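Numbering-wise (my numbering), the sequence shown opens with residue 261 and increments by one.
All C-beta atoms in this analysis are idealised placements derived from N, C-alpha and C, irrespective of residue type, glycine included.
Everything numeric in this text was worked out from a predicted model, so none of it was measured.
What follows is a single structure, written as structure tokens, with notes after it.
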Amino acid sequence: MLKSRLLLLLFCCVTSAAMAQTDPTPKKDTTGTEDVKEGVLENIPTVSLDENDLGDGGSQNTSSLLTAGRDPFYSAASFNFSAVRFKIKGYDNDLFSTYMNGIPMDNLDNGFTPFGLWGGLNDVMRNRDVSWGLRNNTFAFGDIGSNTNIDSRASRQRAQTSFSYASSNRNYNNRMMITHSTGLSKKGWAFSFSGSRRWAGEGYVPGTYYDGWGYFAAVDKRIGQNHLISLTVFGAPTENGRQGTAVSEMVQLSGTNYYNPNWGYQNGVKRNASIARSHQPVAILTHDFRLNNNTTITTAAGYTFGNRSVTALDWYNAADPRPDYYRYLPSYTSVWSSTPDPVQGQMVYDLMKNNIAYRQINWQNLYNVNRASMATINNVNGVPGNNVTGHLSRYIVEERIFNTQRFNANSVINTKFGDKIDFTAGASYQMQKNHYYKKVDDLLGGEFYVNLNQFAERDYPVDNIANQFDVENPNRILHEGDKFGYDYNININKAEAWAQGVFKFNKVDFFLAGTVSRTQFYRSGNVKNGLFPNDSYGKGTVNEFINYGGKGGLTYKINGRNYIYANAAYLTRAPYFENVFVSPRTRNTQQNDVTSETIQTAEAGYIMNSPKFKIRIGGYYTRFQDAMDVMSFYHDTYQNFVNYAISGINKLHFGGEFGIEARVTPTITLNAAAALGRYYYDSKQNAVITVDNSSSVIGQQLIYMENFRLPSTPMEAYSFGINYRSPKFWFVSLTGNYFDQSYLSMNPLRRTWDALKFVAPGSAGYNQIFDQTKFDAQYTVDFFGGYSETSQSMGD
261 MLKSRLLLLL FCCVTSAAMA QTDPTPKKDT TGTEDVKEGV LENIPTVSLD
311 ENDLGDGGSQ NTSSLLTAGR DPFYSAASFN FSAVRFKIKG YDNDLFSTYM
361 NGIPMDNLDN GFTPFGLWGG LNDVMRNRDV SWGLRNNTFA FGDIGSNTNI
411 DSRASRQRAQ TSFSYASSNR NYNNRMMITH STGLSKKGWA FSFSGSRRWA
461 GEGYVPGTYY DGWGYFAAVD KRIGQNHLIS LTVFGAPTEN GRQGTAVSEM
511 VQLSGTNYYN PNWGYQNGVK RNASIARSHQ PVAILTHDFR LNNNTTITTA
561 AGYTFGNRSV TALDWYNAAD PRPDYYRYLP SYTSVWSSTP DPVQGQMVYD
611 LMKNNIAYRQ INWQNLYNVN RASMATINNV NGVPGNNVTG HLSRYIVEER
661 IFNTQRFNAN SVINTKFGDK IDFTAGASYQ MQKNHYYKKV DDLLGGEFYV
711 NLNQFAERDY PVDNIANQFD VENPNRILHE GDKFGYDYNI NINKAEAWAQ
761 GVFKFNKVDF FLAGTVSRTQ FYRSGNVKNG LFPNDSYGKG TVNEFINYGG
811 KGGLTYKING RNYIYANAAY LTRAPYFENV FVSPRTRNTQ QNDVTSETIQ
861 TAEAGYIMNS PKFKIRIGGY YTRFQDAMDV MSFYHDTYQN FVNYAISGIN
911 KLHFGGEFGI EARVTPTITL NAAAALGRYY YDSKQNAVIT VDNSSSVIGQ
961 QLIYMENFRL PSTPMEAYSF GINYRSPKFW FVSLTGNYFD QSYLSMNPLR
1011 RTWDALKFVA PGSAGYNQIF DQTKFDAQYT VDFFGGYSET SQSMGD
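Take a look at the structure:
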């Protein structure tokens, strides 16, 4: 079925291309770009022709495929498909790299691009060079998803003063931005400043809110004709109330898909227990050196620091305060309890269905419990007789903090050997230190909290050391702002060198690129945990990986508008620390046989680019082997947090992409896009099971994940839209989108022999346990409108 759909798309593409070539005279497109969508379209790639392609197409040397106009498929994927968290090719975020002013911006701990660091600064982040997939680029060897280089230097900003306001019902309701850029003066100076605010008193999900600010300052100085020095500083302090994951039973009880268990009423006002805060300023110093007309060297260094955090409820020897805790649900009382009571279950159902207070956090009850809780803590800080009596908070709001310090340095040389060969090489060094800890945010009416492990107290009731989170400071009482629980650092270092050659001929271009890197990381504990006094404090095992990769590609130039391309790559990459350490909150223990992941991938397709039509159709095939993962969750049977250290993860991604943009008139544009893919687990996986309170392995299991779909993204997505742009600077657009083949992430417990050994294969019970949940098909309709007016000022 998938093959037939891909063939149909290929037929449609070829037919459209043939029709498009009936107009042999290209006309230069001078239509302005759309401003309102910039907040989402930050990484849209572009494919167009250079000025030579505006000739008659009969030149002896056909122009190469460049990155300069928008690709219709990626425009849809980046914007129209974003509402359902669509993943291009099914790839995770760590396969899409971002650079800024010459330095890599991706986090070393998980490979993700921290877009929030420059949130709201759209005006000064527009200049970018994007290469999608396996294509060559001029700034990095790159990842297999995409590679983006943002140029935010002051001299690259358009000389202007602009103010904008936007209204939305997405993450925020309002956005204001003001930007002033001078351009490069005759004396060689350029300055650029920008500020923004995005906010929402309450989002479309109840209990959520958003308050984000952004600031940016940049200065450039040109020295002679061959040197440019640039300094850029920016940040985006942000706070937002978060939406929590909801089980289907609570969605049915509340009668809305937007049920959010994170909030409750306090004195008649909604209060969210899960507040995310972030502020990590960035400074980048860049030097451009033009050696001659054919060679440039760009060297940059950057430093990032600051905190990201999220709050949550914590409790000590008290009932679970979460309203959607499974033991509070009607189904538990009616069916799953050790003593099921359908009558009582119906009463619980009616109560929760008809009274919102029972579906949300009861803040007043938490305060009441804390104010009624009198307790005496003996031998505080390990001092005999140092006893403290008072209102012990049974419930608190904790803040889980992630502090980052990251240094990056990168240097790239680009040179040309005549008209036929472009050579690029680079080297980089990255160092990142993450500090993970938590502190007391709100005592909720109590006087103090305790730094004790209640699960260890239950498991080891006569052990006065095991229950201590910090053996060196036993029985420590806590006040607001005090650290408690876990406290550790992760240190990561990575060095890389790479080179690339691009060879251009009359009808064919091809490139070859290679990279080699060295990655090190280790954990360092800042407190001695009573459960693991010999494996929690100090520097742990240093992991080191040598990785390599190679890629190449070929483009056949049918003429100046039509291209056929094929690219392939083979590479290895080091695992991320979060997939190696079994329980970094408590100890240095890590997975057995830690190895690098292997990636093999290929892509091919057709691109047509003319003034009236832009078309791309492509196919891809990617295999991932020997990946690792660690899943941690609360296991009710063990009454503890359980860690599943999973290895031997193989995945397979294949499919096709299609996009077309047709300019019907100078003011009306039609666009359509389709993605058809299949993403599978391609192996049985090995799991080693441990709990946070013990170093013993409590089980080893084979997880039967082979042929299950990868979760959290639709594998099929379709879009069709129409856009009208007025010559008077306003526009409207209407787009319909359809999504299918999306699956829920799977619990590994249900795909093991232990879970299925007493159930008849093929029975209804077996299928209910083993089968993967598929979501219903979904659709969205998007309507956008905007008006733009900019005040410009000339540089001196």
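Where the alpha helix (DSSP H) through residue i begins and ends
{"i": "L626", "result": "W623 to A632"}
{"i": "N1027", "result": "A1024 to F1030"}
{"i": "N434", "result": "Note, N434: premise wrong, no alpha helix (DSSP H); beta strand (DSSP E) at N434 to S441."}
{"i": "V384", "result": "No alpha helix (DSSP H) holds V384; DSSP gives it neither H nor E."}
{"i": "F715", "result": "Q714 to D719"}
{"i": "K613", "result": "P602 to N614"}
{"i": "S335", "result": "P332 to S335"}
Top-ranked residue by Cα proximity to residue i, from the options
{"i": "N997", "options": "Q945, N638 and A933", "result": "A933"}
{"i": "S412", "options": "N431, G402 and G443", "result": "G443"}
{"i": "P590", "options": "N670, L1009 and S514", "result": "S514"}
{"i": "I877", "options": "Y825, N735, F708 and F662", "result": "Y825"}
{"i": "G460", "options": "R845, F451, V479 and R435", "result": "According to the sequence provided, residue 460 is Ala. The question's Gly does not apply to it. Nearest C-alpha to A460: R435."}
{"i": "R783", "options": "S342, P987 and Y696", "result": "Y696"}
{"i": "P734", "options": "N668, Q665, P644 and G706", "result": "P644"}
{"i": "W378", "options": "S391, D403 and I410", "result": "I410"}
{"i": "T775", "options": "H651, F765 and T684", "result": "T684"}
{"i": "S993", "options": "P987, F999, S1002 and N983", "result": "N983"}
{"i": "Y586", "options": "F873, G916, S508 and F1043", "result": "S508"}
Inter-residue Cα distance where the pair is residue i and residue j
{"i": "Q850", "j": "F841", "result": "4 Å"}
{"i": "D369", "j": "E804", "result": "14 Å"}
{"i": "Q1028", "j": "T897", "result": "20 Å"}
{"i": "S843", "j": "F729", "result": "14 Å"}
{"i": "D747", "j": "N848", "result": "12 Å"}
{"i": "N630", "j": "A506", "result": "27 Å"}
{"i": "L738", "j": "N638", "result": "14 Å"}
{"i": "R736", "j": "Y618", "result": "35 Å"}
{"i": "A726", "j": "K799", "result": "21 Å"}
{"i": "G451", "j": "E707", "result": "Strictly speaking, residue 451 in this sequence is Phe, with Gly absent from that position. So the alpha carbons of these two residues sit roughly 51 Å apart."}
{"i": "F763", "j": "T358", "result": "25 Å"}
{"i": "L1009", "j": "N910", "result": "19 Å"}
{"i": "Y720", "j": "S956", "result": "15 Å"}
{"i": "R502", "j": "W523", "result": "9 Å"}
{"i": "D742", "j": "N749", "result": "18 Å"}
{"i": "Y609", "j": "D580", "result": "19 Å"}
{"i": "A578", "j": "M510", "result": "23 Å"}
{"i": "Y1039", "j": "E966", "result": "29 Å"}
{"i": "L1016", "j": "I949", "result": "18 Å"}
8 Å Cβ cutoff met for residue i and residue j
{"i": "T564", "j": "Q540", "result": "yes"}
{"i": "S653", "j": "L704", "result": "yes"}
{"i": "S689", "j": "A669", "result": "The identity of residue 689 in the sequence shown is Tyr, whereas the question assumes Ser. Yes."}
{"i": "F837", "j": "F884", "result": "no"}
{"i": "H547", "j": "I489", "result": "yes"}
{"i": "G405", "j": "F372", "result": "no"}
{"i": "F914", "j": "Y880", "result": "yes"}
{"i": "K811", "j": "A773", "result": "yes"}
{"i": "T555", "j": "T675", "result": "yes"}
{"i": "R1011", "j": "F1035", "result": "no"}
{"i": "E732", "j": "K699", "result": "no"}
{"i": "S1005", "j": "P971", "result": "yes"}
Host beta strand (DSSP E) of residue i (start-end)
{"i": "Q512", "result": "Where Q512 is concerned, there is no enclosing beta strand (DSSP E), although the alpha helix (DSSP H) it sits in stretches over S508 to S514."}
{"i": "M360", "result": "F356 to M360"}
{"i": "E707", "result": "E707 -> no beta strand (DSSP E), and no H or E assigned at all."}
{"i": "S993", "result": "W990 to D1000"}
{"i": "S979", "result": "E976 to R985"}
Chain D contact for residue i (CB, 8 Å cutoff)
{"i": "G745", "result": "Included in the structure is just one protein chain, with no chain D present."}
Distance cut-off 7 Å: residue i Cβ against heavy atoms of the ligand NAD
{"i": "S406", "result": "Among the components modelled here there is no ligand, and therefore nothing to report on the ligand NAD."}
Bridge partners - residue i, DSSP secondary structure assignment
{"i": "S424", "result": "M437"}
{"i": "S490", "result": "D480 and T546"}
{"i": "A1015", "result": "Answer is none; A1015 lacks a bridge partner."}
{"i": "M691", "result": "F667 and N753"}
{"i": "H651", "result": "M634"}
{"i": "P364", "result": "Y359"}
{"i": "K911", "result": "F884 and Y941"}
{"i": "A685", "result": "I673 and A759"}
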